[in-house]
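Residues in the sequence shown are numbered consecutively from 1, following the working numbering.
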Amino acid sequence: EVGRIVLELFKNVCPKTAENFRSLCTGEKGFGREGTKLHYKGSVFHKAVPECLIQGGDITHFNGCGGESIYGPVFEDENFSIKHDLGGELSTANKGVPNTNNSQFCITTVPCPHLDGAHVVFGRVLKGMGVVKEVSFVKVGPKEKPIPVCKISDCGEIRPGEDWGVNENDGTDVVVPPYPIDWDRTPQDVEENSIVHVTTVIKNSGNQFYKRGNLVDADRKYKKALRYISWYKTYLKQTGHLDKASIFKDIELFCNLNCALVKFKKGYYKEALEYCDTALVLDKQNVKGICRRAHANFALANYDQALEDYKLALSIQPNNSSIKNYIKKVKKAMSDYYQIEKVTYAKMFKEY
């Protein structure tokens, strides 16, 4: 789970549109005219556009070609009085012509004035903007469809006085949201030793998931710790105390190295490289970081870069037999590759 998005509905401005969305969140209307459950639960975000928006709510086809409102197949545009001028607006998605709203909706991540006058804004994000942005940046295929399935696992209505449920409880003494922007504390309120404790506990939670073989949640926790570190470092920079950021070095290094390891094990070699590069900025002599970058390059068939890193690691740990074995493996892979290349070119010259 990425996290929870809490939305405010503008029922005083767009009562009909807001009620449609609210009812689809609770599922209280039962089934539609085509026998479809009128409920967002289990539906997906079928479109993700970085620095723009995410779109979902197709409860009939799950691909942007369908949808059904609580009033029937479509309903009219209420008004366009609220603009897409801030980011975080919740607005209707339609069929490209007026008065074709159904269950589909979009959430903007930046100001989107090009949507004004065509899409009805009927709400805004209160908490979970980080979640929205994370979904917007996932890898996509044709028609901007997310490659990883981005599913609404649950939804509903928060009653007055109820907890918003944005905090993650990992069974530790640190209960904080996935994104620090949603925390009820500001950096000014958090002492340095306190934020170190918070990030350490989150990191340790990631370790527990990793030990159990849960790479997805391990990755989430390591990235969460890095977000809180980045959040606090930004504050230190703004207040002229960036020199104090060294308190995070060990945790930041560890989380980047383990993110690289998780990405490698999941087959995301390019992402593993990025985390290794970040780790090596923090400690350029870190053998784990050098070797993991070499492993990722080896997997990508970047043999020259892999060999260079293995040799660098060996210069730091000259008696490491594992590194020596990897050097042999990459040299053999290079030899095999050049042999195949030689045969291929010889064949080409023969044919032409």
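C-beta: ideal position from N, C-alpha, C; glycine also.
(request) Could you pull out every residue in the same chain whose Cβ sits closer than 8 Å to the Cβ of F298, ignoring the five residues on either side in sequence? (result) Here residue 298 corresponds to residue number 298 of the sequence shown, with the count starting at 1. Result list for F298: A306, Y326, K329, V330 and A333, in chain order.
(request) Please specify which runs of the beta strand (DSSP E), each continuous and at least 3 residues long, are wholly inside the region 97-149, giving them in chain order. (result) 105-108 and 121-127
(message) Can you look up Q55 in the DSSP assignment and give me helix, strand or coil?
(response) For this step, residue 55 is matched to residue 55 along the sequence shown. Here Q55 sits in strand by DSSP.
(request) Could you have a look at H197 and say whether DSSP puts it in helix, strand or coil? (result) Residue mapping note: residue 197 aligns to position 197 of the sequence shown, counting from 1. Helix, per DSSP.
(message) In this structure, how does DSSP classify A333 when only helix, strand and coil are distinguished?
(response) Here residue 333 corresponds to residue number 333 of the sequence shown, with the count starting at 1. A333 falls in the helix class under three-state DSSP.
(message) Can you tell me whether H61 is buried or exposed? The criterion is at least 16 other CB atoms within 10 Å of its CB, across all chains shown.
(response) Reading the sequence shown from its first residue, position 61 is the one you call residue 61. The residue in question, H61, is exposed, as its Cβ has fewer than 16 Cβ neighbours within 10 Å.
(message) Can you check which of these residues, N79, D304, N320 and D163, is closest to S353 by C-alpha distance?
(response) Summary: the structure shown does not reach residue 353, with the chain confined to residues 1 through 352, and so no result is reported for it.
(request) Specify the secondary structure class of H241 as computed by DSSP and reduced to three states. (result) Numbered from its first residue, the sequence shown carries residue 241 at position 241. Of the three classes helix, strand and coil, the one that applies to H241 here is coil, per DSSP.
(request) Less than 8 Å between the CB atoms is what I'm expecting for S81 and V13, so what's the real figure, rounded? (result) Looking up residue 81 in the sequence shown gives position 81. Looking up residue 13 in the sequence shown gives position 13. Rounded, the Cβ-Cβ distance is 6 Å, consistent with contact.
(message) Taking the beta carbon of V281 as the centre, do at least 16 other beta carbons fall within 10 Å, making it buried, or is it exposed?
(response) In the sequence shown, the residue the question calls residue 281 occupies position 281. When all chains shown are included, V281 counts as exposed.
(message) Residues in the same chain with beta-carbon distance under 8 Å from P148, minus the five sequence neighbours each way, listed in chain order, please.
(response) Walking along the sequence shown from the start, residue 148 turns up at place 148. Result list for P148: V138 and K139, in chain order.
(request) Apply the 10 Å Cβ neighbour rule to W183 and answer buried if 16 or more other Cβ atoms are within range, or exposed otherwise. (result) Start at 1 with the first residue of the sequence shown, and residue 183 comes out as number 183. Answer is buried; the Cβ neighbour count reaches 16.
(request) Express the C-alpha separation of D170 and V121 in angstroms, rounding to a whole number. (result) In the sequence shown, counting from the first residue as 1, residue 121 sits at position 121. In the sequence shown, counting from the first residue as 1, residue 170 sits at position 170. The straight-line gap from Cα to Cα measures roughly 36 Å.
(request) Decide yes or no for the touch test of the region 53-70 against the region 183-203: beta carbon pairs closer than 8 Å, at least 3 of them. (result) no
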